[in-house]
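Residue numbers (this note's numbering): 592 to 951.
Idealized CB from N, CA, C, for every residue including glycine.
Reviewing the structure listed below.
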Amino acid sequence: MRTYLVTGGAGFIGSNYIHYMFDKYGDDIRIINVDALTYAGNLENLKDIEDKPNYTFIKADICDGKKMMEIFKEYDIDRVVHFAAESHVDRSIADPDVFIKTNVLGTLNMLNAAKAAWENEDGTFKEGKKFLHVSTDEVYGSLDEDGGYFYETTPYDPHSPYSASKASSDFLVKSYMDTYGFPANITNCSNNYGPYQFPEKLIPLMINNALQGKKLPVYGDGKNVRDWLYVADHAKGIDMVQEHGKLYETYNIGGHNEKQNIEIIHTILECLREELPDDDPRKAHINEDLITYVTDRKGHDRRYAIAPDKIKAEVGWEPDTMFKDGIKKTIKWYFENEDWMKNVTSGDYQAYYENMYKDR
Ligand code: NAD
Ligand code: DAU
592 MRTYLVTGGA GFIGSNYIHY MFDKYGDDIR IINVDALTYA GNLENLKDIE DKPNYTFIKA
652 DICDGKKMME IFKEYDIDRV VHFAAESHVD RSIADPDVFI KTNVLGTLNM LNAAKAAWEN
712 EDGTFKEGKK FLHVSTDEVY GSLDEDGGYF YETTPYDPHS PYSASKASSD FLVKSYMDTY
772 GFPANITNCS NNYGPYQFPE KLIPLMINNA LQGKKLPVYG DGKNVRDWLY VADHAKGIDM
832 VQEHGKLYET YNIGGHNEKQ NIEIIHTILE CLREELPDDD PRKAHINEDL ITYVTDRKGH
892 DRRYAIAPDK IKAEVGWEPD TMFKDGIKKT IKWYFENEDW MKNVTSGDYQ AYYENMYKDR
């Protein structure tokens, strides 16, 4: 039975990945989920699988290098899938330090712990051991509105403290591959959406605000472009890279689904109106009047767009979910899981929202 160590498995993409893997491999794999449960980590995302005998949750901080070493001693880990990170650009602009700590030093600890466990005395690595570092398209910087794509060969040009910290972590992984022959891959994915996404990010924030009749804060002119991918397609890409990708390679993951932010907001409003029953009182306030243009994000990247040619050609990956279906599924999930949204927006979220949006 193959054993996976997943870091950040209680977050948005990590929890979707764990669901994807158990759906695909059932009892043929074992997953150890290591997560510090920051504001973004939520064990409610995993409550349907928490009692599985082949699943273990360990509450631990990847910045605790000694603890990471102990985990590798206790379990014979075959695969690492490293999601744990601070992930929100606006928070990185307000408070960069924790991004460097978790994303850079935390990644270094994961590399050192895996290297110590997997390296033979002669400097080679044990057969079949693999580390996958989950990264982002933001490391490539920003594209012009009228053309171009991010390829694996595009030079790094990060602009926010978040993307600079992810770029640093990518370089650390590359350096371990080049220096030690450490068995790893890096994936750089575009914007994800789907169930369990924390409502600080565009799509769940707009769904939640619209349902409550709150303003929909659009940064700048609303014409910044992001390339959206349904989260299960990202999980599938990660798994396929570990199964079929070439070791030491980087793969971009994205589904050619570029949209301006304002288009996304119109689509969300339309879908909400379609899905809500006619007698639901919220239907009356879900309209375009909620859209409010606010002060732009500092250093706001204009456009992201992934060229997924390499992962398609070498790995055989392509996305299964078209945006129009994915966004409907996502909205339906938030309707059916109102308690999840209530739980994550009680407590600290209100203070976060007030702070982040009061001066915009
Ligand atoms: P998220 O913020 O929803 O989840 C992050 C998880 O990491 C949380 O469970 C949190 O508790 C955990 N964590 C944070 N600091 C930790 C620490 N010090 N020790 C242990 N656990 C810690 O993030 P996400 O959106 O699921 O992103 C996951 C990964 O994917 C990140 O590395 C991110 O850079 C990358 N990524 C995200 C997107 C996207 O659109 N969200 C796109 C491409 C790549
Ligand atoms: O591209 C991949 C990246 O996508 C990941 O690496 C990050 O972890 C993830 O957070 C995401 O970053 P973005 O900054 O693109 O996502 P966010 O949802 O924060 O914003 C998407 C766009 O919407 C961006 O242009 C800013 C805009 N926006 C966002 C918020 C929260 C608004 O206009 N209003 C808002 O309130």
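**Message:** List, from N- to C-terminal side, the beta strand (DSSP E) runs of 3 residues or more that fit wholly inside the segment 729-792.
**Reply:** 775-780, 782-784
**Prompt:** Candidates N779, M768, A685: which alpha carbon is nearest V565's?
**Reply:** Nothing can be reported for residue 565, as the shown portion of the chain is limited to 592 through 951.
**Message:** Bridge partners for D618 per DSSP, in chain order?
**Reply:** BP columns for D618 are empty, so no partner.
**Asked** So, do the segment 774-793 and the segment 722-739 have three or more beta carbon pairs nearer to each other than 8 Å?
**Response** yes
**Request:** Taking 8 Å as the threshold, find out whether the segment 859-877 comes into contact with the segment 643-661 through three or more Cβ pairs.
**Result:** no
**Request:** Compare the Cα-Cα distances from K915 to each of E879, K692, E854 and report the closest residue.
**Result:** Nearest C-alpha to K915: E854.
**Prompt:** Hey, which residues come within less than 6 Å of ligand 4, measuring from Cβ to any heavy atom, in chain order?
**Reply:** Looking for ligand 4 in the displayed structure turns up nothing; the ligands present are ligand 1 and ligand 2.
**Prompt:** Within the chosen definition, does the segment 809-820 reach the segment 878-895 through at least 3 CB pairs nearer than 8 Å?
**Reply:** yes
**Asked** Would the beta-carbon of K757 be found less than 7 Å away from any heavy atom of ligand 1?
**Response** yes
**Item:** Selected residue, minimal CA-CA separation from K720, among E834, A601, S733, D880
**Value:** E834
**Item:** Residue(s) in a DSSP beta bridge with S978
**Value:** Here the chain covers residues 592 to 951 and nothing more, so residue 978 does not appear.
**Request:** Give the single residue among K919, Y787, A801 whose Cα lies nearest to the Cα of N928.
**Result:** Y787
**Prompt:** Measuring CB to CB, does S756 end up less than 8 Å from N694?
**Reply:** Yes.
**Asked** Could you give the distance in angstroms between the alpha-carbon of L702 and the alpha-carbon of T858?
**Response** 41 Å
**Request:** Grab the span of the alpha helix (DSSP H) containing E712 for me, first residue to last.
**Result:** Premise fails: E712 is in no alpha helix (DSSP H) and is neither H nor E.
**Prompt:** Measuring CA to CA, which of I609, E718, G845, A875 is closest to H673?
**Reply:** I609
**Request:** Just grab the DSSP bridge partners of N700 for me.
**Result:** None, per the DSSP bridge assignment.
**Prompt:** Thinking just about the alpha-carbon of each residue, which of K827, A904, N878 is nearest to the one in Q803?
**Reply:** N878
**Request:** Give every residue of the same chain whose Cβ lies closer than 8 Å to the Cβ of Y767, excluding the five residues on either side of it in the sequence, and list them in chain order.
**Result:** Closer than 8 Å at Cβ, skipping near neighbours: L702, K706, F773, A775.
**Prompt:** Could you give the distance in angstroms between the alpha-carbon of I604 and the alpha-carbon of E718?
**Reply:** 28 Å
**Among I653, D669, K658, nearest to I620 - alpha-carbon criterion** = Closest by alpha carbon: D669.
**Request:** Measure the C-alpha to C-alpha separation of L634 and A601 and round it to an integer number of angstroms.
**Result:** 6 Å
**Message:** Bridge partners for E854 per DSSP, in chain order?
**Reply:** DSSP output for E854 lists no bridge partner at all.
**Prompt:** Relative to the alpha-carbon of L596, which residue among D652, D900, I662, T841 has its alpha-carbon at the smallest distance?
**Reply:** I662
**Message:** Tell me whether V725, by its Cβ, gets closer than 7 Å to a heavy atom of ligand 1.
**Reply:** yes
**Request:** Alpha carbon to alpha carbon, how far is G738 from A651? Give it in angstroms, no decimals.
**Result:** 43 Å
**Message:** Once DSSP output is grouped into helix, strand and coil, what is the label at R888?
**Reply:** coil
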